[in-house]
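Let me begin by presenting the structure, written as structure tokens, before commenting on it.
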Amino acid sequence: MAEKKRTQVDDIDRSMYDFRYDDADAEKLDAGLTPDIVREISERKGEPEWMLEHRLKSLEVYNSIDMSDWGPSIDGLDMDNIVTYVKPPTEQKSDWESVPDNIKDTFDRLGIPQAERSYLAGVGAQYDSELVYHSMQESAAKMGIVYSGIEEALHGEYAELIRSKFMTLIPPTDHKFAALHGAVWSGGSFVYVPRGVRLDYPLQSYFRLNAKGAGQFEHTLIIVEDDADLHFIEGCSAPKYNVANLHAGAVELFVGKRAHLRYSTIENWSKNMYNLNTKRCRCEEEGEIEWISGSFGSHVGYLYPMSILAGRKARASFTGITFAGRGQNLDTGCKVVLAAPGTSASVETKGISKDGGIQTFRSSVVATPAANGSRCTVSCQSLMLDDRSRSDTIPAMDIRCKNVDIGHEATIGRIGDDKVFYLMSRGVSEEEAKAMIVNGFAEPISKELPLEYAVEMNNLIKLEMEGAIG
Amino acid sequence: MSNGALLRCCGLSAAVEEKQILHEIDFEVPQGEVHVLMGPNGAGKSTLGHVLMGDPVYDITAGSIEFDGADITELTPDKRSLAGMFLSFQAPVEIPGVPLRSFLRAMVEGRGEKMKNKEFRKQTKALAETLDMDPAYLDRELGVGFSGGEKKKVEMLQLLMLKPKLAILDETDSGLDVDALSVVSRGMELYREQCDGTLLIITHNTRILEHLNVDRVHVMVAGRMVAYGTASLIEEIDAQGFERYEAAVAID
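Rendered as structure tokens:
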């Protein structure tokens, strides 16, 4: 008899991100890493002396510590060949018309200006190593909110505040790529939300890496003062090259007393990217951080946003989804530190692997002796779409306090042939049946995303049945 | 139909992982009739239902299936469904994250039917009410946390929405409670009333047949069709069981 025909859920369609422009106009520094390169980056930026010292010290740290010996292999990443600084041929603008055509076209195709018009309170756009656009609605500025490039902020009203916070949550000594970031960081956004100010619309920064063989090292620093409220969205993508690109950004978030911050990310790096990003948040008393995280791109990813619940009754939630397809090894999860009485955290993640992709959920929950009466629940579910793919769960817990309530549950499963048959017996095609099952699996996460991103995620998982959901 | 048969199996044999389960099945179901398939546990009745619908777990090793005048032996389940065949599952699956209504919508749209959302909602709600089903279930995830009776209601709801030419009802699970039984009976009645449907009912439970005019009964033992007859055969089997058929197969 005929072979049984099995079709697959399509791989994520990255064609919408995979376009590139010649970077001949860009100014590039030599590949590799030396004190001279670091000095030159600093000099070009005209930044304060303390920052140059910080960079040089970070470089020393970088040279003195080893690569991590756990997680996916990063042997394909040769630091001597990574160009750490690529300046696009423009200064930062505050209107899209002044941005060079190629770059403007890039962000048009990614839908950034449209999003800005329809639902964002402000946008920052970075192209390779520098911001090319930053703008915020006047109404937000009137509320005292600051949203600008972090480099320009180093010379402004909040320079001292930034100096007191910069790389304190993520010290260069933390790991090799934090040290690298400290040495060559460039670009990124600074947000300051004053006490009691609540912004109804999100701010969004978008990071695009266009240059081949380059690294992107943006630094995002957000301060949400007591009783304030902010939703920040971060997006990123790159065209695919046949050499390694590196992303080692850093995100430092400070959430004040009773303040609230929602930090959403959809990551779509191309499959030659090593995404070694570090994100941390510190929450004061009754402050709340909500992480929403979608990881779809990259060749290799290490990503574990960390919530440090430093104040009494501070709260954290982490909602994440990771989709690892062919040639991808994505090691994602989160860290939670319960460091004060009565804190609470909840973690819910979904992982999908297909076509030989490897998806690992890795988490760390630490309860310090001060965490009396705190609680944390971790739930992770994985779905493997075929026999060649792999999903793992590696939860770690370090509990140093008697009176805490920590729970963990994990399930790993395959897409059920019985479910596919059932749906097909109702006239639904095999692809659509599988997409429906996968999207159903992802639904608890996608419903948390901002609408436009939920749509994007559904498209990523190739759900071709719009109108059928909801 | 000119030659009378909506469904016809000729020498149909099927295996799962090299193990032969169905042996040269010949039978047919004419348009508009009600047929019952009976047999002891493990006779292959459910397998036959699944093979007719195209379950890829089974390999057809010989023979053919003709449906509505076309050979469908090689068709995938979705194509069979579009051709007008329906299988009500003994144990319907659960699909987390997919609301029942979305699934129904995909089912209808898969047939190229364009229906405005409002009209669709109205229709599904009305159907749910006909089956004494709380319309709130339409917004719940498909099958998740549904009782046996509720799952059966969902099956009957789909039957009445799709109005297939042939409905195969797999009710082999004798553990159906009274509630579920009455749901299935009601669904069958409505299906017969509304579209003069053709039924193939796989069951042990003769109570389910009480309100139906059964045209023909087929008896299956050890993967073979061993007897057929009129509705009177049901009473006979009720009284005497399958022993004499099993004995005949054993000698064979």
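Those sequence lines, one after another, are chains L and H.
Heads up: the first sequence begins at 1 in my numbering, then just goes up one per residue.
Heads up: the second sequence begins at 1001 in my numbering, then just goes up one per residue.
Ideal Cβ positions, reconstructed from N, Cα and C, are used throughout, including at glycine.
H/Ile1201 and L/Tyr274 have their C-alpha atoms roughly 58 Å apart. Neighbours of H/Ser1081 across chain L, judged by C-beta separation under 9 Å: Met424, Ser425, Arg426, Gly427, Val428. Of all residues in the region 379-398 of chain L, none places a beta-carbon less than 8 Å from a beta-carbon of chain H. At least one CB of chain L lies nearer than 8 Å to the CB of H/Val1093.
Distance check between L/Gly327 and each of L/Arg390, L/Val347, L/Glu348 places L/Arg390 closest, using alpha-carbon atoms only.
Annotation: H/Ala1043 to H/Thr1203 spans about 12 Å, alpha carbon to alpha carbon. Residue-level contact check: H/Phe1089 touches chain L, since one or more beta carbons of chain L fall below 8 Å from its beta carbon. Going by beta carbons, L/Gly325 and L/Gly357 fall inside the 8 Å limit. For L/Glu448, no Cβ of chain H is located within less than 8 Å of the residue's own Cβ.
Taking 8 Å as the cut-off, the Cβ atoms of L/Ala244 and L/Asn272 count as close. L/Gly440 is the residue among L/Val365, L/Gly188, L/Gly440, L/Pro194 whose C-alpha sits nearest the C-alpha of L/Ile415. Within the region 1096-1111 of chain H, those residues whose Cβ lies closer than 8 Å to any Cβ of chain L are, in chain order, Pro1096, Gly1097, Val1098, Pro1099, Ser1102, Phe1103, Arg1105, Ala1106, Met1107, Glu1109, Gly1110, Arg1111. Under the criterion of beta carbons closer than 8 Å, H/Met1188 and H/Leu1104 do not qualify as touching, at roughly 20 Å. Within the model, the alpha-carbon separation for L/Phe107 versus L/Met67 is close to 34 Å. Under DSSP, the beta-bridge partners assigned to L/Glu267 are L/Cys236, L/Ser295. The beta carbons of L/Gly71 and L/Asp392 sit about 11 Å from each other, so the pair does not count as a contact at 8 Å.
Short of 7 Å from the beta carbon of H/Val1144, and not among the five residues preceding or following it, lie these beta carbons of its own chain, in chain order: Glu1094, Pro1096. When Cβ pairs closer than 8 Å are counted between the two stretches, the region 192-212 of chain L is seen to touch the region 128-139 of chain L, the count reaching three or more. Annotation for L/Lys45: Glu151 place their beta carbon closer than 7 Å to its own, counting only its chain and skipping 5 residues before and after.
Contact between L/Leu423 and L/Met436 is confirmed by a C-beta separation of about 6 Å, below the 8 Å threshold. The beta carbons of L/Ala183 and L/Ser58 sit about 4 Å from each other, so the pair counts as a contact at 8 Å. For H/Glu1189, the enclosing alpha helix (DSSP H) starts and ends at 1178-1195.
Among the residues facing chain H, L/Lys419 is included, as its CB has a counterpart in that chain under 8 Å away. For the C-beta of L/Pro444, the chain H residues within less than 8 Å are, from N- to C-terminus, Gly1097. For the pair H/Val1036 and H/Leu1190, the CB atoms are not nearer than the 8 Å cut-off.
With a cutoff of 8 Å on beta-carbon distance, H/Leu1181 and H/Arg1207 are scored as near each other. The beta-carbon of H/Gln1123 is placed no less than 8 Å from the nearest beta-carbon of chain L. Using a CB distance cut-off of 8 Å, L/Ile437 counts as an interface residue toward chain H.
By the Cβ neighbour-count rule, L/His219 is buried, with 16 or more other Cβ atoms within 10 Å of its own.
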